[in-house]
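Listed in order, the protein sequences are those of chains X and V.
With UniProt numbering, letter number 2 in the first sequence gets 2, and the count goes up by one each step, no holes.
With UniProt numbering, letter number 139 in the second sequence gets 139, and the count goes up by one each step, no holes.
Every residue gets a Cβ at the ideal spot worked out from N, C-alpha and C, and that includes glycine.
These notes concern the structure reproduced below.
There are 2 protein chains.
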Amino acid sequence: MLEIVHNPKMEALKVIKIGGKIIENNALLTSFLEDFVKLQGPKILVHGGGNKATEIAGKLGYETKMVDGRRITDKDSMEVITMVYGGLLNKSIIAKLQVKGQNAIGLCGADGKAIISKRREVKEIDYGFVGDIERVNSGFINSLLKQNIVPVFSAISCTEEGVLLNTNGDSVASEIAIAMSKIYETQLYYCSEKKGVLKNIEDDQSVIAELNSDNYKELVNSKVITDGMLPKLHNCFQAIDRGVLSVFLGDAGLLGSNSIHTKIVE
Amino acid sequence: MLEIVHNPKMEALKVIKIGGKIIENNALLTSFLEDFVKLQGPKILVHGGGNKATEIAGKLGYETKMVDGRRITDKDSMEVITMVYGGLLNKSIIAKLQVKGQNAIGLCGADGKAIISKRREVKEIDYGFVGDIERVNSGFINSLLKQNIVPVFSAISCTEEGVLLNTNGDSVASEIAIAMSKIYETQLYYCSEKKGVLKNIEDDQSVIAELNSDNYKELVNSKVITDGMLPKLHNCFQAIDRGVLSVFLGDAGLLGSNSIHTKIVE
Chain X
1 MLEIVHNPKM
11 EALKVIKIGG
21 KIIENNALLT
31 SFLEDFVKLQ
41 GPKILVHGGG
51 NKATEIAGKL
61 GYETKMVDGR
71 RITDKDSMEV
81 ITMVYGGLLN
91 KSIIAKLQVK
101 GQNAIGLCGA
111 DGKAIISKRR
121 EVKEIDYGFV
131 GDIERVNSGF
141 INSLLKQNIV
151 PVFSAISCTE
161 EGVLLNTNGD
171 SVASEIAIAM
181 SKIYETQLYY
191 CSEKKGVLKN
201 IEDDQSVIAE
211 LNSDNYKELV
221 NSKVITDGML
231 PKLHNCFQAI
241 DRGVLSVFLG
251 DAGLLGSNSI
261 HTKIVE
Chain V
1 MLEIVHNPKM
11 EALKVIKIGG
21 KIIENNALLT
31 SFLEDFVKLQ
41 GPKILVHGGG
51 NKATEIAGKL
61 GYETKMVDGR
71 RITDKDSMEV
81 ITMVYGGLLN
91 KSIIAKLQVK
101 GQNAIGLCGA
111 DGKAIISKRR
121 EVKEIDYGFV
131 GDIERVNSGF
141 INSLLKQNIV
151 PVFSAISCTE
161 EGVLLNTNGD
171 SVASEIAIAM
181 SKIYETQLYY
191 CSEKKGVLKN
201 IEDDQSVIAE
211 LNSDNYKELV
221 NSKVITDGML
231 PKLHNCFQAI
241 DRGVLSVFLG
251 DAGLLGSNSI
261 HTKIVE
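This is the structure in structure tokens:
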């Protein structure tokens with residue numbers, strides 16, 4: 001059993017997810033990593049994959065299979081994801097962090113049994129090698145944090161039967177944050193191409209500064225928040241409900257000073 | 001400074017390298033990993049790559065560049081090596097170990113600054129992204145061993161400037177063994193396609209059971225040991241000279257009981 005310690009004096013743990021659009025833009029990635037290195041206190045990075053996997057799969061002659069507009073991760077795709085997310089992108093980020101003086105370690109869910117998942121049940125659609133997270137090994141992750149080593153996760157989890165699974169990066173970040181919130185006061189950061197939740201989808205500057213469950217419901221009812229943002233915000237409020245202190249949504253500059261962003265609280 | 005403790009009661013640390021020929025043969029790999037999991041005491045695995053990288057590079061349309069019969073690791077090749085060795089093979093081995101109940105973590109030299117190297121100097125030939133190891137972070141590796149987590153290294157090192165480099169797998173294993181011998185009594189195991197050092201190159205059963213620096217010199221002088229075996233054995237005796245207790249050379253069954261092999265001692 002893990003000892004659960006909420007020490008208000010302890011610096012908050014920051015779990016930060018960067019999306020594929022940042023990963024594949026060298027200038028954005030470099031400036032993001034500069035801000036990331038400057039962050040004080042314990043921190044964890046989770047990264048998506050961007051288009052590199054699709055590009056490599058295409059070059060290898062693997063077909064991208066889609067059903068109802070959703071990608072199917074077959075065996076070949078999973079091999080490419082393991083190569084590109086788990087190898088190329090993950091290790092390149094580690095090398096970039098090391099040269100900036102930030103000790104870090106690149107992981108997937110199989111390493112240290114960090115992220116154990118179940119293969120998604122086949123109902124109408126078989127999504128293939130896709131996992132839903134069952135548990136996060138917070139003790140192992142904490143042992144790295146205590147050595148001042150930043151864990152950097154690719155969005156790959158592993159079943160109890162040793163099968164590597166493609167896993168939603170946002171969920172990897174939120175499940176890690178939820179698990180770690182038993183040990184640390186934990187904040188969750190999502191960096192994507194948007195500056196935050198917008199009041200007007202046409203106006204990138206119309207960022208809602210703060211959301212709580214009350215004004216969130218109002219904005220959903222009045223249809224200000226719709227479509228793609230709904231599952232993401234559902235995820236955010238779930239994290240808050242399950243112990244995460246606050247969630248921040250912003251772009252690649254989210255960790256910098258004076259960033260415009262959306263903060264989500266209880 | 002690391003405290004140097006030679007505790008004779010402490011179980012010896014085993015550093016084991018498996019060659020590409022074992023990695024790419026599923027039956028051999030499975031049986032090797034079964035023996036590996038049964039090994040008692042602290043252990044570290046180092047793996048080569050086999051032909052998978054060449055196969056993927058070929059499919060991607062990358063040319064394999066050779067100069068004087070030696071492979072040149074250009075930027076594209078290094079990308080493939082990072083994908084295939086650092087991602088696909090490394091994480092697949094970790095998943096296979098986890099399902100056998102062996103907690104493990106997949107690493108390259110950039111992770112935890114575990115293996116720092118220098119890019120090989122350009123003399124007549126520019127080998128490209130190829131590294132010679134400068135130092136091994138034994139403290140970091142030991143922190144994993146103390147948690148009963150087996151470190152599994154792909155043969156990739158990293159420069160101080162954050163450049164990932166293709167590195168000879170035998171050297172990765174021997175440099176790790178040498179560094180760890182400051183903390184543990186350390187044994188080094190090389191598993192390849194040969195059962196050991198042969199008296200007669202035509203006869204796979206003519207394995208020399210034990211080599212020390214005296215009978216080694218005799219066998220070199222009498223030309224029993226020649227060619228490809230010379231650099232490998234030079235490496236082995238260097239490891240012994242620099243603190244490693246003993247080195248074992250054998251095939252995929254080296255860790256099993258009753259294996260025929262060559263043992264190298266001082």
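Within chain B, partners of residue i - CB distance below 7 Å
i, result
"V/Leu164", "The chain labelled as chain B is not found among the protein chains of the depicted structure, namely X and V."
7 Å Cβ cutoff, residue i in contact with chain V
i, result
"X/Gly20", "no"
"X/Gln205", "no"
"X/Glu161", "yes"
"X/Leu145", "no"
"X/Leu88", "yes"
"X/Cys158", "yes"
"X/Met1", "Confidence at X/Met1 is low in this model, with a pLDDT of 44, below 50, so its placement is unreliable and the value that follows should be read with caution. For X/Met1, the answer is no, since every Cβ of chain V falls outside 7 Å of its Cβ."
C-beta neighbour in chain X for residue i, strict 7 Å
i, result
"V/Thr82", "yes"
"V/Ile149", "yes"
"V/Leu230", "no"
"V/Lys9", "Bear in mind that a pLDDT of 49 at V/Lys9, under 50, signals an unreliable position, so the number given afterwards is only what the model happens to contain. Closer than 7 Å: no."
Endpoints, alpha helix (DSSP H) assigned at residue i
i, result
"X/Gln98", "Asn90 to Val99"
"X/Tyr216", "Ser213 to Asn221"
"X/Ser174", "Gly169 to Met180"
"residue 288 of chain V", "Past the edges of chain V, shown from 1 to 266, lies residue 288 of chain V, and the structure says nothing about it."
"V/Asn26", "Asn26 to Lys38"
"V/Lys21", "Gly20 to Ile23"
"X/Leu230", "Met229 to Asp241"
"V/Val80", "Lys75 to Met83"
Nearest-angstrom beta carbon gap, residue j and residue i [assumed within contact, 8 Å]
i, j, result
"X/Gly106", "X/Ile116", "So it is not a contact: roughly 18 Å between Cβ atoms."
"X/Leu13", "X/Met180", "6 Å"
"X/Gly196", "X/Gly250", "6 Å"
"V/Val152", "V/Ala104", "5 Å"
"V/Gly131", "V/Ser157", "4 Å"
"V/Phe129", "V/Met83", "So it is not a contact: roughly 14 Å between Cβ atoms."
"V/Leu48", "V/Ile18", "Looking at the sequence shown, residue 48 of chain V is not Leu but Gly. Sure, about 7 Å apart at Cβ, within 8 Å."
"X/Ile264", "X/Val247", "4 Å"
"X/Gln98", "V/Gly162", "5 Å"
"X/Thr262", "X/Ala177", "Contact flag wrong, Cβ pair sits at about 16 Å."
"X/Val46", "X/Ala239", "X/Val46 to X/Ala239, Cβ: 13 Å. No contact."
"X/Glu189", "X/Leu254", "Note that residue 189 of chain X corresponds to Tyr in the displayed sequence, not to Glu. So it is a contact: roughly 6 Å between Cβ atoms."
N- and C-terminal bounds of the beta strand (DSSP E) containing residue i
i, result
"V/Cys158", "Ile156 to Cys158"
"V/Gln187", "Thr186 to Cys191"
"V/Asp132", "Gly131 to Val136"
"X/Asn103", "Taken as a continuous stretch (DSSP letters only), X/Asn103 belongs to no beta strand (DSSP E), as it is neither H nor E."
"V/Asn166", "Leu164 to Asn166"
"X/Leu245", "Note, X/Leu245: premise wrong, no beta strand (DSSP E); not H, not E."
"X/Val46", "Lys43 to His47"
"V/Thr64", "Unbroken run through V/Thr64: none, as it is neither H nor E."
"V/Lys195", "Taken as a continuous stretch (DSSP letters only), V/Lys195 belongs to no beta strand (DSSP E), as it is neither H nor E."
"X/Lys118", "Ile115 to Arg119"
"X/Ile260", "X/Ile260 -> no beta strand (DSSP E), and no H or E assigned at all."
"X/Ile72", "Arg70 to Ile72"
Distance cut-off 6 Å: residue i Cβ against heavy atoms of the ligand MN
i, result
"V/Lys118", "This structure lacks the ligand MN, and indeed carries no ligand of any kind."
Which of the residues in the region 95-124 of chain X, read from start to end, lie with their CB under 7 Å from any CB of chain V?
Under the 7 Å Cβ criterion, the region 95-124 of chain X contributes Ala95, Lys96, Gln98, Val99, Asn103, Ile105, Gly106, Cys108, Ala110, Asp111, Gly112 and Lys113.
Taking Cβ-Cβ distances below 8 Å as the criterion, which residues of the region 51-71 of chain X are in contact with chain V?
Ile56, Lys59, Leu60 and Gly61
If the cut-off is 8 Å on Cβ atoms, which residues from the region 24-36 of chain X count as contacting chain V, listed in chain order?
For the region 24-36 of chain X, there are no residues whose beta carbon sits under 8 Å from a beta carbon of chain V.
Of all the residues that make up the region 186-205 of chain V, which are near chain X by a beta-carbon distance shorter than 7 Å?
Answer set for the region 186-205 of chain V: empty.
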